[in-house]
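First up is the structure itself, then whatever we jot down about it.
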Amino acid sequence: MKPAAFEYHAPATAGEAVELLAEWGDEAKAIAGGQSLMPMMLLRLTVFDHLVDLRRLHELRGIRQREQAVWIGAGTTHSAVGRSDLIRQSAPLLARATPLIGHAQIRNRGTLGGSIAHADAAAEYPAVALTLDAEFELLSPRGTRTVAAADFFTGMWATALEPDELLTGITVPEWHGRRGFAIEEFARRSGDFAMAGATVAVGLDADSRIDRCAIGLFGLGPGPERAHHIEREVLGSHVREVSAEEVGRAATARLTSVPADLHGSANYRKRLGAVLVARAWQRAVEEATDD
Numbered sequence: 001m002k003p004a005a006f007e008y009h010a011p012a013t014a015g016e017a018v019e020l021l022a023e024w025g026d027e028a029k030a031i032a033g034g035q036s037l038m039p040m041m042l043l044r045l046t047v048f049d050h051l052v053d054l055r056r057l058h059e060l061r062g063i064r065q066r067e068q069a070v071w072i073g074a075g076t077t078h079s080a081v082g083r084s085d086l087i088r089q090s091a092p093l094l095a096r097a098t099p100l101i102g103h104a105q106i107r108n109r110g111t112l113g114g115s116i117a118h119a120d121a122a123a124e125y126p127a128v129a130l131t132l133d134a135e136f137e138l139l140s141p142r143g144t145r146t147v148a149a150a151d152f153f154t155g156m157w158a159t160a161l162e163p164d165e166l167l168t169g170i171t172v173p174e175w176h177g178r179r180g181f182a183i184e185e186f187a188r189r190s191g192d193f194a195m196a197g198a199t200v201a202v203g204l205d206a207d208s209r210i211d212r213c214a215i216g217l218f219g220l221g222p223g224p225e226r227a228h229h230i231e232r233e234v235l236g237s238h239v240r241e242v243s244a245e246e247v248g249r250a251a252t253a254r255l256t257s258v259p260a261d262l263h264g265s266a267n268y269r270k271r272l273g274a275v276l277v278a279r280a281w282q283r284a285v286e287e288a289t290d291d
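full-length UniProt numbering numbers the first residue of the sequence shown as 1 and each following residue consecutively.
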């Protein structure tokens, strides 16, 4: 297959890139690693008259410590995220999600910002960003703005990005104290998108009561989701009084838009999601209580 004809642009700065996006509007699309966009264009599932290549924009790459958070440039590759000692220390859930993404070749070219901006419902990074309350820096000819992950994902392959905006960086807050993180997913084959997945972060106080938690779901709806209702319910509980299986069932009980296809019914995926949440919860709790 070949993509439809398009005009190629290679700006030298992020400012030039957003000017091009503003000039061409919906007819233009930014491309970073191209690991998600190019297959869709090759299959003619999407068509753009202009591609704005971000590979020359070194300002969009890098991983840096910020006050109580870590900043990651949107152009940073998956592989660079996975290799970073700072990510492993400050945002371990992000580091643990990285090996689950596609294959080594995809991780070497795909970028963190590309995955988040593409907003595939079954992708790991959007769910991790939502779980960790990340914030996204967006640049346009009008200036910059910051959008919380909770407000960024708006539907299937849909985000709060305006046509002339570019995702330039992601800020992930650190979790301090007794904490545990885990990600679980199920895919038919290694490297495939997950049929269902769960991300869990748990924080405990000195008495082993849950003082913070976050439960994310992916592959179980039109976009990544948070199980806020069960998060609120378990807050303040002693960690030993909380059943992982009950957390899993509650986290998926209110899902109403679970996809179905030849690989599995919506009911199957929902039950699978409950099991994955329970496993991730158990692993996160074990890490948080490991003294």
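All C-beta atoms, glycine included, are put in the ideal place defined by N, C-alpha and C.
Assumed close pair residue i, residue j - CB separation to whole angstroms, cut-off 8 Å
i	j	result
Ala123	Phe218	7 Å
Ser115	Pro126	7 Å
residue 304	Val202	What the structure shows of the chain is the stretch from 1 to 291, and residue 304 is not part of that stretch, so it cannot be assessed.
Gly73	Gly82	Between Gly82 and Gly73 the Cβ distance is about 15 Å, and since that is not below 8 Å, they are no contact.
Ala91	Val172	4 Å
Gly102	Ala32	Wrong, their Cβ atoms sit about 14 Å apart, outside the cutoff.
Ala22	Leu60	Rounded, the Cβ-Cβ distance is 18 Å, inconsistent with contact.
Phe152	Phe136	6 Å
Whole-angstrom distance between residue j and residue i, CA atom to CA atom
i	j	result
Gly248	Arg189	24 Å
Ala253	Glu245	12 Å
Glu287	Ala214	15 Å
Met40	Gly155	18 Å
Gln105	Asp164	30 Å
His50	Thr77	23 Å
Gly143	Lys2	36 Å
Trp24	Ala158	19 Å
Ser79	Gly264	31 Å
Gly191	Val277	20 Å
Leu20	Ala28	8 Å
Ser208	Thr131	21 Å
Gln282	Leu235	16 Å
Ser237	Thr98	31 Å
Glu7	Leu42	15 Å
His9	Asp26	15 Å
Val242	Ala148	29 Å
Own chain residues within Cβ distance below 7 Å of residue i, not counting five before or after
i	result
Glu67	none
Ala12	Arg56
Leu161	Ala117, Leu138, Leu167
Gly273	Ala196, Ala198, Leu217, Leu220, Thr252
Same chain only: Cβ atoms within 6 Å of residue i, ignoring 5 sequence neighbours per side
i	result
Ala266	Val258, Ala260
Contacting residues, own chain, Cβ-Cβ under 8 Å from residue i (five flanking each side not counted)
i	result
Val194	Per the sequence shown, the amino acid found at residue 194 is Ala instead of Val. If we look at Ala194 and ignore the five residues flanking it on each side, its Cβ neighbours are Leu100, Ala122, Glu124, Glu185, Phe186, Ala187, Phe218, Gly219.
Ser36	Gly110, Gly114, Ser115, His118, Asp120
Val70	Ile63, Arg64, Leu86, Ile87, Ser90, Ala91, Thr171, Val172, Glu174
Beta carbon of residue i nearer than 8 Å to that of residue j
i	j	result
Ala198	Gly177	no
Ile87	Ala129	no
Leu167	Leu138	yes
Ala196	Ile230	no
Leu255	Gly223	no
Ala150	Val200	no
Val275	Val239	no
Leu54	Ala30	yes
Ile183	Arg271	no
Limits of the unbroken beta strand (DSSP E) element including residue i
i	result
Ala182	178-186
Thr116	Here the sequence assigns Ile to residue 116, which means Thr is not the residue at that position. No beta strand (DSSP E) holds Ile116; the alpha helix (DSSP H) holding it covers 112-118.
Arg145	143-148
Asp211	210-218
Glu7	7-9
Leu130	No beta strand (DSSP E) holds Leu130; the alpha helix (DSSP H) holding it covers 124-131.
Pro173	166-173
Leu51	50-53
N- and C-terminal bounds of the alpha helix (DSSP H) containing residue i
i	result
Arg269	266-288
Asp26	That residue, Asp26, is in no alpha helix (DSSP H); it is neither H nor E in DSSP.
Ala198	Premise fails: Ala198 lies in the beta strand (DSSP E), 196-204, not in any alpha helix (DSSP H).
Pro92	92-97
Val239	Unbroken run through Val239: none, as it is neither H nor E.
Pro64	Checking the sequence shown, residue 64 turns out to be Arg, not Pro. Where Arg64 is concerned, there is no enclosing alpha helix (DSSP H), although the beta strand (DSSP E) it sits in stretches over 63-66.
Ala244	244-253
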